[in-house]
Every structure is written in structure tokens, then in C-alpha cells.
Amino acid sequence: MTDFRSDTVTRPTAAMRTAIATAEVGDDVFADDPTINRLQASAAQMLGFEDALFASSGTQTNLLALLSHCERGDEAIVGQQWHTYKWEAGGMAVLGSIQPQPLEHAPDGTIPLASIEAAIKPDDPHFAITRLVVMENTTGGKVLPMDYLREMRALATSRGLATHLDGARLFNAAVEVTRRRRAGIREGAGPDSAAAARAREGDVPLEPRAVAREICANFDSVSVCLSKGLGAPVGSLLLGSKPLIARARRWRKMLGGGMRQAGMIAAGGLHALENHIERLADDHANATRLAEGLIALGHQYGGLQADLPQTNIVFVKVDDAIAQAFADHLAAHGVRTTGSVGRYGSGLVQRWVTHLDVTHHDVEAALVIAAGFFEARR
Ligand SMILES: *Cc1c(COP(=O)(O)O)cnc(C)c1O
Numbered sequence: 005m006t007d008f009r010s011d012t013v014t015r016p017t018a019a020m021r022t023a024i025a026t027a028e029v030g031d032d033v034f035a036d037d038p039t040i041n042r043l044q045a046s047a048a049q050m051l052g053f054e055d056a057l058f059a060s061s062g063t064q065t066n067l068l069a070l071l072s073h074c075e076r077g078d079e080a081i082v083g084q085q086w087h088t089y090k091w092e093a094g095g096m097a098v099l100g101s102i103q104p105q106p107l108e109h110a111p112d113g114t115i116p117l118a119s120i121e122a123a124i125k126p127d128d129p130h131f132a133i134t135r136l137v138v139m140e141n142t143t144g145g146k147v148l149p150m151d152y153l154r155e156m157r158a159l160a161t162s163r164g165l166a167t168h169l170d171g172a173r174l175f176n177a178a179v180e181v182t183r184r185r186r187a188g189i190r191e192g193a194g195p196d197s198a199a200a201a202r203a204r205e206g207d208v209p210l211e212p213r214a215v216a217r218e219i220c221a222n223f224d225s226v227s228v229c230l231s232k233g234l235g236a237p238v239g240s241l242l243l244g245s246k247p248l249i250a251r252a253r254r255w256r257k258m259l260g261g262g263m264r265q266a267g268m269i270a271a272g273g274l275h276a277l278e279n280h281i282e283r284l285a286d287d288h289a290n291a292t293r294l295a296e297g298l299i300a301l302g303h304q305y306g307g308l309q310a311d312l313p314q315t316n317i318v319f320v321k322v323d324d325a326i327a328q329a330f331a332d333h334l335a336a337h338g339v340r341t342t343g344s345v346g347r348y349g350s351g352l353v354q355r356w357v358t359h360l361d362v363t364h365h366d367v368e369a370a371l372v373i374a375a376g377f378f379e380a381r382r
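Under our numbering, residues 5 to 382 are what the sequence shown spells out, in order.
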């Protein structure tokens, strides 16, 4: 069986299980779990923040950030499709009395700066107090351009707003930016050629951790999932200034998220940060191969379309006429994806995600199974 539903389905490797089994632990509510302290300190240093906090999930680290930036009656600017707005059960509104201001994003995943600017409320008693701009990177598997992030940050700063990044897949973005820059240098051109030219002069990072730090420099806080493509079983980190993380620590306790000998799970995250960042490039290559194969099937037989992915998420649009049968065929042959018939209007939009537990061989096998569906109908 190959599980393409999400990169959250990864199971710990043997080496990660050893790290977990041998982790030193203490009581993290007393801040004396050495493994958690090591994870927080090393992530903060890696990403250029003063402090960090380990929590149970990305939903919780995003919520902790929102609650720590905003007071009751404040407003956060978010993307209409973003996790912080749409997929976290309305937490900012329910638990923080924070008003979300959702905005449509452009096809490249950015929210046009003019839309952000137009949504910032004047100081007037009729309006909520705009406090925070939230971004998501990657978003739908797309990488937000570095120049865009810098311009967004400049706009936020000029209007006195803080910025938070939902970086659930921050390292997927960093690994892809790194690949483009290195390719740009090799080819002397390409999508990021200006950056490549500066990189040749040594001024642009060419290593995923340094690129991740460069992305993070545009934000007051960042959340990062350890339990997605990085492959840890549980956990997420919130990074920020010391005062922000101190506020987040209080909210975490209030939400019941203060865990005791949680070094057991943090050890998986530490192992992931030390060993699983570069390999995200394999997931991206597998996703590209998967999309190419599905696009070729669409050309040959009709009935489906896919876009080439930037990172590890492939969206596939399947025509109404075959949507249910195709989904059933994949499921019957042990290929799991998400997406449901009719959910997005007509047909089926499937999401195929590659990750640590999907090999190159699994991708080829899934393509043979998908081809078998069309062959059988000829
Ligand atoms: C997965 C994800 C999260 C957090 O999800 P949890 O399941 O709560 O860890 C946050 N933002 C984005 C964009 C995500 O994909």
C-alpha cells in the first residue's frame, strides 16, 4: 500500500526510534527536559530567533502565535484558503476573539500587496485593530518568492504590523529555493537568476538551513511542523522573540498543552532536523515524476489533468465521467490519496503528497496502477 494522502502519515525510521528510545527526559513544564531544551535551542539558532517553544501540533503553534500577537478585538490578515483561517476550526476567533480578515490569493500563492494594504483598517472605532499579517509557505505546495516576502515585510513594518509565518512546510520551501539557486548558477539563467548571480558573489545563501533563515528573517514568529515531511511522529515548533515565546508558553499551559516527559517525542523532531532536511529534495523529485506520469496518462487517454508541482504536493483534476471509478480503482489497488468526488463543484480534485515513506519505486508502481485503469477501459 502506498499512502499519498499527506506527509503527516510518515512513521519514524529505525534510527529515529533509537533516538526516541534513548532520549534523556525531564519535566518540560518545569522547563527541565534536556531533549526539549536542546530541540528549542537548536531550532532557534538555526532559524535566527531568540527563542522557541515545542508544542503538540501545527494547529497549536499557529494558535499560540495568534494569541501571543493579538488581543481581543484585534485583527489578523490571512489567506482565504490558508490553514490558519480555514483548517484550524476557527481557533483564533473562538479562543482569541481575534477577527480574521481573509483575502484571496493569486495563482502563485501570494496575496497581492495591494489587497493587504487595502485591508488594513484605519484607526477608527468602527473597525477592529489590524495587528498581524499571516503568510503560509509553502502554500498548496507552492513557494512564495523571496522578493515578495521582503516587500510584504516592508509593508507590514511601515504600517506597524507584526508578521507570522505558518511554516508547516518551511523546509520544503527552503530546499526548493536552494535547488533553484544552484540550478541557476549551473545554467547561468533560470527563474532565480538574479539571486544566482548574487550567490556567485557569495551574498546569497545556498544551503537549505541558511535559506530557511533568510525566509524567517521576514517574520516576527514562525511555526514549523516536525511531523510532516521531516518525519517525526508528533510536534511543531513556534519561534520568536523571548517576550513572544514567554506569552506563548503561558497560552500553551492554559490550553492544556504543557507536557511533562515530552523529550520522548521531541527526540524525533531533533533527529529529523539533524537528518531529514536535505532529503526533502527526493520527495520533490518524486512528486515531479508522479505529476509527469499522470500528465502523460491524461494526454494519452484524456480524463485527467495535473500541474507540475514546485515541492511535494500534486493536484490532479479528474473528469466527472471517470472520477468515482478512478478513485475506486486506486483504492482497490492500495493507492491512497485524498479528495472526494463533487467536493469542489464538478469532478474530483485529488491531492497526492510525497514524503519519507514514498519511494521512487512506489511512484512508478502507482503510475502503473493508474495506467491500468485506463488500459482496462479501452
Ligand atoms: C499541517 C499544517 C498545519 C498544522 O497541522 P497539524 O496537523 O495541526 O500539525 C498548519 N499549516 C499548514 C499549512 C499545514 O499544512
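We put the beta carbon where it would ideally sit given N, CA and C, even for glycine. Since we're looking at a predicted model, the values are computed, not measured.
Item                                                                                                                                                                        : Value
On the CB-based measure, 16 or more other CB atoms within 10 Å of its CB, does W91 come out buried or exposed?                                                              : exposed
Round the Cβ separation of F223 and T167 to the nearest angstrom and send it over; I've been treating them as touching at under 8 Å.                                        : 5 Å
Quick check: V137 and M156, are their CB atoms within less than 8 Å of each other?                                                                                          : yes
In terms of residues, what are the limits of the alpha helix (DSSP H) holding W255?                                                                                         : K246 to M258
Cβ of A236 within 7 Å of any heavy atom in ligand 1?                                                                                                                        : no
Would you call the segment 264 to 271 in contact with the segment 317 to 337, where contact means no fewer than 3 C-beta pairs closer than 8 Å?                             : no
Got a sec? Which residues, its chain only, sit under 7 Å from F326 by beta carbon, not counting five neighbours each side?                                                  : It is worth fixing the name first, because residue 326 is Ile in this sequence and not Phe. Excluding positions up to five away in sequence, the list reads G307.
Is it buried or exposed for K232, if we count other Cβ within 10 angstroms and need 16 for buried?                                                                          : buried
Between which two residues does the beta strand (DSSP E) containing M139 stretch?                                                                                           : I133 to E140
Answer with buried or exposed for P237, where buried requires no fewer than 16 other C-beta atoms within 10 angstroms of its C-beta.                                        : buried
Considering only their Cβ atoms, is the gap separating R184 from L57 smaller than 8 Å?                                                                                      : no
At the level of alpha carbons, what is the spacing between D128 and A289?                                                                                                   : 50 Å
Please determine, among A110, Q44 and A122, the residue with the shortest C-alpha to C-alpha distance to I81.                                                               : A122
I'd like the span of the alpha helix (DSSP H) that includes S227, first residue to last.                                                                                    : Not the alpha helix (DSSP H): S227 falls in the beta strand (DSSP E), residues S225 to C229.
Which of the three DSSP states is assigned to V367 in this structure?                                                                                                       : helix
Using three-state DSSP, classify V238 as helix, strand or coil.                                                                                                             : coil
In or out: Q49 buried (at least 16 other Cβ within 10 Å) or exposed?                                                                                                        : exposed
Taking all protein chains shown into account, do 16 or more other C-beta atoms lie within 10 angstroms of the C-beta of M96, making it buried, or fewer, making it exposed? : buried
In three-state DSSP terms, what is G267?                                                                                                                                    : helix
To the nearest angstrom, how far is the alpha carbon of Q64 from that of A285?                                                                                              : 27 Å
Output yes or no for whether 8 Å exceeds the beta carbon distance between T22 and G235.                                                                                     : no
Since P149 and F175 are thought to touch, with beta carbons under 8 Å apart, how far apart are those beta carbons, to the nearest angstrom?                                 : Not a contact, Cβ separation roughly 17 Å.
Relative to ligand 1, is the shortest distance from any of its heavy atoms to the C-beta of H275 smaller than 7 Å?                                                          : no
Return the CA-CA distance between E379 and T341, expressed in angstroms with no decimal places.                                                                             : 21 Å
Where H87 and D170 are concerned, what is the direct C-alpha to C-alpha distance, given to the nearest angstrom?                                                            : 8 Å
Name the residue from I120, A59 and L99 whose alpha carbon lies nearest to the alpha carbon of P106.                                                                        : I120
According to DSSP, is L312 part of a helix, a strand, or is it coil?                                                                                                        : coil
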